[in-house]
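Sequential numbering of the sequence shown, starting at 12, is according to our numbering.
C-beta atoms are modelled at their ideal positions from N, C-alpha and C, and glycine is treated no differently.
This structure is a prediction, so every number in the text was calculated from the model and none was measured.
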Amino acid sequence: MRKVISCLGPLLLVTIALAGCGGGMSSTQTPLGASMSQVSLTIHDNPPMGVTVLSFEIEVTGAALQPSDSSSQPVSMLSEPEDIELEHLQTESALLASRDVPTGAYSGLMVSFANPRMTIQNQTGATLTLGTKTCSDQQVCEFDPKLNQSSVTVEAPTTPFPITLTMNSPVVLKLDFNLDTSIQQSDLSITPTVSLVQLPPPNSSGGDQGDEDMELIGQVASIDQTMHTFTIQSGMNGPSFTIATDSSTHFDFGTSCSAENFSCLQTGQIVKVDAKMKPDGSLLAFEVKFFQPPNQISFAGTVTSVSAGASSFQIVLFDEESFGGGDEMGSFSMGAPLTINLASQATFSIDTSGFMFPSGLNFASTADLMVGQEVRLHPTGAPTGTPPNLMVTVDQVQLEPSRVTGTVTAVNTGSNPQTFTLGNLPSFFTNAGITSIQVDVLATTQFETEEDQTFSGLSSLKPGDVVSVRGPLFNTMTMPTMAAEKVVKRSMSSGTSD
12 MRKVISCLGP
22 LLLVTIALAG
32 CGGGMSSTQT
42 PLGASMSQVS
52 LTIHDNPPMG
62 VTVLSFEIEV
72 TGAALQPSDS
82 SSQPVSMLSE
92 PEDIELEHLQ
102 TESALLASRD
112 VPTGAYSGLM
122 VSFANPRMTI
132 QNQTGATLTL
142 GTKTCSDQQV
152 CEFDPKLNQS
162 SVTVEAPTTP
172 FPITLTMNSP
182 VVLKLDFNLD
192 TSIQQSDLSI
202 TPTVSLVQLP
212 PPNSSGGDQG
222 DEDMELIGQV
232 ASIDQTMHTF
242 TIQSGMNGPS
252 FTIATDSSTH
262 FDFGTSCSAE
272 NFSCLQTGQI
282 VKVDAKMKPD
292 GSLLAFEVKF
302 FQPPNQISFA
312 GTVTSVSAGA
322 SSFQIVLFDE
332 ESFGGGDEMG
342 SFSMGAPLTI
352 NLASQATFSI
362 DTSGFMFPSG
372 LNFASTADLM
382 VGQEVRLHPT
392 GAPTGTPPNL
402 MVTVDQVQLE
412 PSRVTGTVTA
422 VNTGSNPQTF
432 TLGNLPSFFT
442 NAGITSIQVD
452 VLATTQFETE
462 EDQTFSGLSS
472 LKPGDVVSVR
482 GPLFNTMTMP
492 TMAAEKVVKR
502 SMSSGTSD
């Protein structure tokens, strides 16, 4: 039986910023020596079609530039392995490292992988055998697929190699991890398939370059009140990054800090940072969002189903529980399916992130829940049950931006707000009876291509274009509505149809 695979939504960018040879894993830049050049590497996923991939996590164990001079040693770009989740970061980047790379000619890039982990929703109409596990039809299943090969090399004459790194000439490389071809139809094993493209450097002089967006979630480790910078620790043992702020940085701390500025930061807080890479490889935050105070718990996931009466719903965890309360929440990991029970006085809210949404878009009760939404939750206590039947009671539900990829089927520039219709959706939506999503274009909506070039907006879209959209997803009457914070125009078929 042929299994048709689809991703819930595809464009992940995971960035490795490089700035010289040697040094620790930090985004803080040291002055480049005479033989150093700035290099940035990003990775994004190109999604598959059909059995819906709700979560795909893989460990990047190494990334090394291969010098054209065969007598020279490869230049390692990672100081330690990093776990990457390829489903929830579709329109921004997650920074892995910042390092110095020697100038000179390079003929290729080798990337190595380990320990893939996948969560799927089986929609084949039959039971799947996944290694030693079985997955019934319509069931959400978490498993460890077989990794058929551990490394991939992109080398000359394949573009963009060979490349020559020179002083004061930053290079940005984007590595495309193609889930569609990496996941094998026969047994859902993984044979990594990648391609590489060279992008314009951050803040290049052309004026049409879309700055590389980074998303980092971590614990505030230190604060420099003089320089208005802070350092966050990513995960329990992940790298730390120094983040700069300026007068345009937006601080979203809700009711916890009315000042809404740098003074709101405290060590131990969990924050999400949306940042842009500067020409020297350092990071400048354009938004800092407060997630939780020290030693408190929150987690986030994608809604996969809502019970009749909406007294409970199911999610797949995409924000791994790794901060705050130690073992209070148990040992469930990214990609784990959870049943969410609502406390009697549970509150609902929207993460606006400074955006102004059109009227009529609400998230105030259980009636506003739907599949495909991303939500952040506050638990009232520890989970009960054992995997895969874990249950958690929550008293706060906050709507977060979703990421959805599909095909533009209609464009309406005469409406207020302007809109376009997204069709050819992943089977995750169509099996729930959702065949189209209306996308509302805001005054602040960003439009970019996969190559991080900005384009003129809705007037540049036409039916048949494949796009990835980031924004909150609302359960509206005629069809669901997304308020678009960002639209990424894809240059190739997304493979999201059955």
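Around the Cβ of LYS473, a 10 Å sphere holds fewer than 16 other Cβ atoms; the residue is exposed. Within the stretch 114-182, the runs of beta strand (DSSP E) that reach at least 3 residues and sit entirely inside it are, in chain order, 115-132, 139-141, 144-146, 151-154, 162-166, 174-176. Per DSSP, the continuous beta strand (DSSP E) segment holding PHE458 begins and ends at 448-460. Distance from the CA of ALA232 to the CA of PHE466, rounded to the nearest whole angstrom, comes to 38 Å. The distance from the Cβ of GLU93 to that of PHE329 is about 16 Å, inconsistent with a contact at the 8 Å cut-off. Rounded to the nearest whole angstrom, the CA to CA distance from ASP80 to MET493 is 51 Å.
The C-alpha of ILE234 lies about 17 Å from the C-alpha of ALA286. Taking HIS239 as reference, the option from PHE188, ALA296, GLN429 with the minimal CA-CA separation is ALA296. Using a 10 angstroms sphere on the CB of GLN77, the tally of other CB atoms reaches 16 or more, which defines it as buried. Within the model, the alpha-carbon separation for PRO398 versus ALA347 is close to 8 Å.
The continuous alpha helix (DSSP H) containing ASP191 extends over residues 190-193. THR441: member of the alpha helix (DSSP H) spanning 438-441, first to last residue.
Only residues of its own chain outside the window of five on either side were considered, and among them PRO156, LYS157, ASN159 have a CB closer than 6 Å to the CB of SER200, listed in chain order. Here LEU353 is near SER322, since their CB atoms are less than 8 Å apart. Take the alpha-carbon of GLY475 and the one of LEU227: they are about 33 Å apart. Sequence-distant partners of THR358 (beyond 5 residues in either direction) whose C-beta falls short of 6 Å from its own C-beta, in its chain, are GLN407. Annotation for GLU226: the continuous beta strand (DSSP E) segment containing it runs 224-235.
The C-beta distance from HIS389 to VAL405 rounds to 6 Å, short enough to fall under 8 Å. A distance below 8 Å separates the beta carbons of PRO437 and THR63. Here PHE273 carries a helix assignment [DSSP, helix/strand/coil]. According to the DSSP assignment, PRO412 belongs to no beta strand (DSSP E), since it is labelled neither H nor E. Counting only unbroken stretches of 4 or more residues, no alpha helix (DSSP H) element lies wholly within the stretch 368-438. Close CB contacts of PRO127 within its chain, under the 6 Å cut and outside five residues either way in sequence, are with ILE69, PRO156, LEU158, ILE201 (chain order). DSSP lists GLN325, MET402 as the beta-bridge partner residues of THR350.
Fewer than three Cβ pairs drawn from the stretch 495-502 and the stretch 375-383 lie within less than 8 Å of each other, which leaves the two stretches out of contact. Of the candidates PRO369, ILE326, THR391, GLY383, THR391 places its Cα closest to the Cα of GLN356.
In the structure shown, LEU89 adopts coil according to DSSP, grouped into three states. Beta-bridge partners assigned by DSSP to LEU76: VAL86, LEU120. Cα atoms of GLN280 and PHE273: separation of roughly 13 Å, rounded to the nearest angstrom. Boundaries of the beta strand (DSSP E) harbouring HIS261: 261-263, taken from the DSSP string. Residue environment for MET402: exposed (fewer than 16 other C-beta atoms within 10 angstroms of its C-beta). One Cα belongs to CYS268, the other to VAL86, and the distance between them is close to 44 Å. Of the candidates THR487, THR418, LYS300, GLY434, THR487 places its Cα closest to the Cα of PRO369.
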